[in-house]
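Residue numbers (this note's numbering): 17 to 356.
For glycine and all other residues, C-beta sits at the position ideal for the given N, C-alpha and C.
Since the structure is predicted, the reported quantities are computational estimates derived from the model, not experimental observations.
Read through the structure below, which is laid out as structure tokens, and then see the notes.
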Amino acid sequence: MAHTTIKDFLKKKNVNITIRTYLIDAMGAMAFGLFASLLIGTIFGTLGEKTQVTLFNTIAEYCKSATGAALGVSIAHALHAPQLVLFSAATVGIAGNALGGPVGALISTIIATESGKLISKETRVDILVTPGVTIIFGVLIAQFVGPGVSAFMTAFGNLVKTATEMQPFFMGILVSALIGVALTLPISSAAICIMLSLDGLAGGAATAGCCAQMIGFAVLSFRENGVGGLLAQGLGTSMLQMGNIVKNPRTWIPPTLASMITGPIATCVFHMQNIPAGSGMGTCGLVGPIGVYTAMDGTPFMWLSILFVCFLLPAILTWIFGEILRKLNWIHPGDLKLDL
């Protein structure tokens, strides 16, 4: 009976304790928070540096300083937080990001938001109790788990980066394929790369994988979706294809194979690098290429690496693999159609 009562109370408070809620919905929203603060700030910072326009640099500073708050609000919004909890999550996000980076912000905001939702509108002094509980829980969790999480993510990121420098060919394949797949899945490759501080050669490999998925699916599905689909996937997200991938998983083979080729080309041939904010974005809003420009400005082959790894090779390779799979009757007409 007690179990049923607790279950009913959680349902009433819209607290859904599932993997999808926390690792897909919350992380997906987290990517929007990153884009609206850190990522757009990086773009403005690059513009300010190259154009010497002071306003761009000023905007970049404000954007980057808002990262924690943007993360907190975006995650709380994804968890359907009531207003007082949503607004309080800004403070929690700042604390979580400061003490544990994006992962710290994710963990502390999830726990704070769910705690705030449980107490919301349960007392006559809701305007004090709800933000108080939300912020106290969030800051305590940030202090408790933040430093450890930050240390672990930094160490793991450094391991990936060091391994990529030592074995650029094999790690180029692995990083490119895995991060590319993460970009198409309903999770955030951008958040993963920022969490791991994935830059340098590893960042370049991640960029190659993300671009292979986005440009690859855009070209592969051109006959079904036309120019609209080309732009929606090439400059938006390949995640649009997830429904079709579920129906026919073989449609995922061409861009993934392309990523396994462009990854080592990026690391071994062009020595392509990126910054963490751009590594997991691919060609979405051209953030990936802009990140490559920021990381490699003034180095040889910068423009060639952007042209070939981000655009030409993904398009050509995916088209070739796609034609082979169509001949094998593994991909059928209409398999990649989007409702645009």
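Query, Result
"Reference residue 266; option with closest CA among 248, 114, 348", "348"
"Check whether residue 250 and residue 274 have beta carbons under 7 Å apart", "no"
"Chain-order list of residues whose beta-carbon lies under 6 Å from that of residue 17 (same chain, five-residue window excluded)", "In this prediction, residue 17 has a pLDDT of 43, which is less than 50 and means its spatial position is unreliable; nothing more can be read from the coordinates."
"Residue environment, residue 223, which counts as buried when at least 16 other CB atoms sit within 10 Å", "buried"
"DSSP-derived helix/strand/coil call for residue 290", "strand"
"Residues bridged to residue 216 (per DSSP)", "290"
"Anticipated Cβ contact below 8 Å, residue 331 with residue 231, distance rounded", "5 Å"
"Three or more C-beta pairs below 8 Å linking the stretch 191-201 and the stretch 155-167", "no"
"Terminal residues of the alpha helix (DSSP H) in which residue 198 lies", "184-200"
"Residue 131 burial status per 10 Å Cβ neighbour count (16 or more: buried)", "buried"
"Inter-residue Cα distance where the pair is residue 48 and residue 325", "25 Å"
"Under 7 Å between C-beta atoms of residue 256 and residue 341", "no"
"Nearest neighbour of residue 115, chosen from 277, 165, 92, 66 [CA to CA]", "165"
"The stretch 70-85 in contact with the stretch 20-34 per 3-pair CB rule at 8 Å", "no"
"Residue environment, residue 137, which counts as buried when at least 16 other CB atoms sit within 10 Å", "exposed"
"Inter-stretch contact at 8 Å, needing at least 3 Cβ pairs: the stretch 200-220 / the stretch 288-299", "yes"
"When 183, 337, 117 are compared against residue 211, the one with the closest alpha-carbon", "117"
"Beta-carbon spacing of residue 279, residue 188 below 7 Å", "yes"
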